[in-house]
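These protein sequences, in sequence, are chains B and G. Those letters in the first sequence? Residues 0 to 298, by numbering that gives the first Met the number 0. Those letters in the second sequence? Residues 0 to 276, by numbering that gives the first Met the number 0. Where is the CB? At the ideal position from N, CA and C, for every residue including glycine. The structure displayed is predicted, hence computed values, not measured ones. To start, the structure itself, in structure tokens.
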Amino acid sequence: MLAPTVLGVATLVFLLLSLLPGDPVEVMLGETATPADRAALRRSLGLDRAVSDRYLSFLGDLLRFDLGNSIHTGRPVSELVGLHFPATAALTLAALVTAIAIALPAGLLAASRPHSHADRITLGASLVGVAIPNFWLGPMLIMLFAIDLRWLPVSGTGGAAHLVLPAMTLGLGMAGILTRLVRSTVSETLHEDYIRTARAKGASNALVLWRHALRNALVPLLSVIGLQLGSLLAGSVITETIFAWPGIGRLTVQVINTRDYPVVQGCILTIALTYVLVNLATDLAYAWVNPRMRHARVD
Amino acid sequence: MHVSTDTSAPRWRRQIAAGVATLALLGLVAAAAPVLAPYPPAQQDLAADLAAPDISHPLGRDKLGRDVLSRIIYGARVSLAVGLSAVLLSAGLGVLIGAAAGFAGGSVDFWVMRLVDILLAFPGILLAIAMTAALGPGLTNVILALSLIGWTGYARLVRAEVMAVSARDHVEAARALGVSTPALLRRHVLPLIAAPVMVQATFGMAGAIVAEASLSFLGLGVQAPTPSWGAMVNEGRSFLLVAPHLVLYPGIAIFVTVLGLNALGDGVRAYLDVRGR
Chain B
0 MLAPTVLGVA TLVFLLLSLL PGDPVEVMLG ETATPADRAA LRRSLGLDRA
50 VSDRYLSFLG DLLRFDLGNS IHTGRPVSEL VGLHFPATAA LTLAALVTAI
100 AIALPAGLLA ASRPHSHADR ITLGASLVGV AIPNFWLGPM LIMLFAIDLR
150 WLPVSGTGGA AHLVLPAMTL GLGMAGILTR LVRSTVSETL HEDYIRTARA
200 KGASNALVLW RHALRNALVP LLSVIGLQLG SLLAGSVITE TIFAWPGIGR
250 LTVQVINTRD YPVVQGCILT IALTYVLVNL ATDLAYAWVN PRMRHARVD
Chain G
0 MHVSTDTSAP RWRRQIAAGV ATLALLGLVA AAAPVLAPYP PAQQDLAADL
50 AAPDISHPLG RDKLGRDVLS RIIYGARVSL AVGLSAVLLS AGLGVLIGAA
100 AGFAGGSVDF WVMRLVDILL AFPGILLAIA MTAALGPGLT NVILALSLIG
150 WTGYARLVRA EVMAVSARDH VEAARALGVS TPALLRRHVL PLIAAPVMVQ
200 ATFGMAGAIV AEASLSFLGL GVQAPTPSWG AMVNEGRSFL LVAPHLVLYP
250 GIAIFVTVLG LNALGDGVRA YLDVRGR
């Protein structure tokens, strides 16, 4: 299903940004541009050709990783995307690590002491994490850790310290979701017979939790992490804007504001295709770690 | 994504009560904004720009000297309008398309589900950003973009439910008695799938409110001078050092609203689980 989905995503992005209501040349150049400038831009964007022609060229170019050139800088879009993508990947991975580092111990703690104060506090905190929008959380974290306490830099790049606040902003929502998932999955697992057997054989509480219960929780966790990675990628648009992080999300907002449509198209396509590939990788990893699916295949 | 947890009866009752109270409060504030707001939301006083909260302006003033409390109260209108409209439009569209796909099966089902797969291949708010970039900013375009994206979740849910319900004996019997397809759907199928759609709609409303605020934060949503909570947070971001109240209070409004709606969704789902058992 990968090829049809990729084709569909590419088609939708093309349609969205090629069949704009109004004249994109007018929008990009403004009212003061000369007819010659307009005609030149129209030609360079291929807008003087039929939509079907443009669509076929778009797909052909895409196969060669040619996403066109920026209207404002003239640089190839693929070069711009390549320049900004690593920063987004680093931020997304840091957010993922943050989310997992919070969710695993918090979820296990809540599951091991159901209906205790620890459980209630963890659950409450996870609900708060899910409900806080990252465009608000980011400025709040800046206010606390960068302005009041002066522990971390406000924004920009320069070292690992610069990644902490953006990763927390992006990752805390996901941490809330994963905490609830770990808690519910581990809670269910703790009632299984094999856990009772392990306890009867003298296994310590920590061993039962980390070795037996958590292992079972990892399978659904992996599936949700894959789905949530897409949210992280989309959330990077806002987080990067808040922290002036030089990733593809911030670039997207910048080029939307300057109406550099070839770059907008390239950025959105790259994020969407990355999401499709991450989902595919998640499906494959899910099949690999899930013994039931693995054995079903062998059978 | 929301994960169900062990839920005892009193807890779902509390969740539903909290959610309904939040929704009622939001509706009341939006409807009675002209009465509740102490000042017109666009009334400027440049001499008092960024003024800290005091008795006459309990939540302070923004960079143009406008009353933050009044703008938050009027901002509830935008959030409620987007939340309700986007949910009604996307749920209506999703139920219609999902029911048609589930009932018709065959090639209709195949192509509808491929379209759903493609739309769901875009992460979260990215497609809304692309659509508002293409359509232009503004309240109507935000609602349109969120509805054109949001129907997919409902369609997938309704299709699966319709397929399951259609195989039941009472539907087969009604079909054998010659009941027309629209009547069959209306009388025998759709009432049975109302509950899961309602749960999805509750979470959908919270999602639409956050999405609108996010788009407005990025400058792609509701445009000035109409007050939107997301745009207010964005405007206040530049003054974090001198006027943190500009970011703090609109953010609390969004947070409380989303928390309440999520609690309502969780509560209704837990109630349905309990009833189902």
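Does Pro-75(B) come out as helix, strand or coil in the three-state DSSP assignment?
strand
Can you tell me which of the three DSSP states Asp-52(B) falls into?
helix
Name the residues in the stretch 237 to 258 of chain G whose C-beta lies less than 7 angstroms from a C-beta of chain B; which are they?
Leu-239, Leu-240, Pro-243, Val-246, Gly-250, Ile-253, Phe-254, Val-257, Leu-258
Take every Cβ of the stretch 153 to 173 of chain B, pair it with every Cβ of the stretch 91 to 103 of chain B, and state whether three or more of those distances are shorter than 8 angstroms.
yes
So with CB distances below 7 angstroms, who are the chain B contacts of Ser-213(G)?
Pro-132, Phe-134, Ile-237
Can you tell me which of the three DSSP states Asp-118(B) falls into?
helix
If you drop the 5 nearest sequence neighbours on each side, which residues of the same chain put their C-beta closer than 6 angstroms to that of Pro-75(B)?
Asn-68
Work out the CA separation of Gln-264(B) and Val-50(B) for me, nearest whole Å.
16 angstroms
Among the candidates Ile-142(G), Val-267(G), Ala-230(G), Tyr-153(G), whose CA atom is the shortest distance from the CA of Val-67(G)?
Ala-230(G)
Distance cutoff 7 angstroms, beta carbons only. Does Asn-261(G) sit that close to anything in chain B?
yes
Helix, strand or coil at Arg-60(G) according to DSSP, with G and I counted as helix:
strand
Give a yes or no on contact between the stretch 90 to 105 of chain G and the stretch 151 to 159 of chain G, applying the rule of three or more CB pairs nearer than 8 angstroms.
yes
Have a look at the DSSP bridge pairing and note the partners of Asp-66(G).
Arg-60(G)
Environment of Leu-58(B) [buried if 16+ CB atoms lie within 10 Å]:
exposed
On the DSSP letters alone, give me the boundaries of the alpha helix (DSSP H) that Gln-199(G) sits inside.
189 to 216
Locate the alpha helix (DSSP H) running through Met-142(B), then write down its first and last residues.
Note, Met-142(B): premise wrong, no alpha helix (DSSP H); not H, not E.
Using a Cβ-Cβ cut-off of 7 angstroms, state whether Ile-224(B) counts as contacting chain G.
no
Chain G contact for Ser-230(B) (CB, 7 angstroms cutoff)
yes
Taking the CB atoms as reference points, tell me whether Ala-31(G) and Arg-76(G) lie closer together than 7 angstroms.
no
Just how far apart, CA to CA, sit Gly-135(G) and Leu-15(B)?
12 angstroms
Go to Arg-155(G), then tell me how far its alpha helix (DSSP H) extends in each direction, as first and last residue.
138 to 165
Can you tell me whether Leu-276(B) is buried or exposed, with buried defined as 16 or more other CB within 10 angstroms of its CB?
exposed
Environment of Tyr-73(G) [buried if 16+ CB atoms lie within 10 Å]
buried
Neighbour flag for Leu-125(G) against chain B, beta carbons, 7 angstroms:
yes
Cutoff 6 angstroms; reference Thr-188(B); Cβ partners in own chain excluding five residues on either side:
Ala-212, Asn-215
Return the residue from the list Asp-61(G), Leu-79(G), Gln-43(G) that minimises the CA-CA distance to Leu-27(G).
Leu-79(G)
Mind checking whether Tyr-218(G) and Met-162(G) have CB atoms under 7 angstroms apart?
Here residue 218(G) is Gly; the residue named in the question, Tyr, does not match the sequence. For Gly-218(G) and Met-162(G), no; Cβs fall outside 7 angstroms.
Checking contacts by CB at 7 angstroms: is Leu-15(B) closer than that to chain G?
yes
How about Ala-98(B) and Arg-182(B): are their beta carbons less than 7 angstroms apart?
no
Give the DSSP bridge partners of Asn-68(B), in chain order.
Pro-75(B)
Partners in chain B for Met-130(G), counting only beta-carbon separations shorter than 8 angstroms:
Leu-15
Would you mind reading off the limits of the alpha helix (DSSP H) that contains Tyr-274(B)?
260 to 288
Whose CA, out of Leu-263(G), Phe-121(G), Leu-138(G), lies closest to the CA of Met-204(G)?
Leu-263(G)
Is Gly-234(B) near the ligand COA, in the sense that its beta carbon is under 6 angstroms from a heavy atom of that ligand?
Summarising the ligand content, the structure contains no ligands, and the ligand COA is consequently not present.
How would you list, in chain order, the residues of chain B whose beta-carbon sits under 8 angstroms from the beta-carbon of Ala-120(G)?
Thr-4, Gly-7, Val-8, Ala-271, Tyr-274, Val-275, Asn-278
List, in order along the chain, the chain G residues whose C-beta lies closer than 7 angstroms to that of Val-129(B)?
Asn-261
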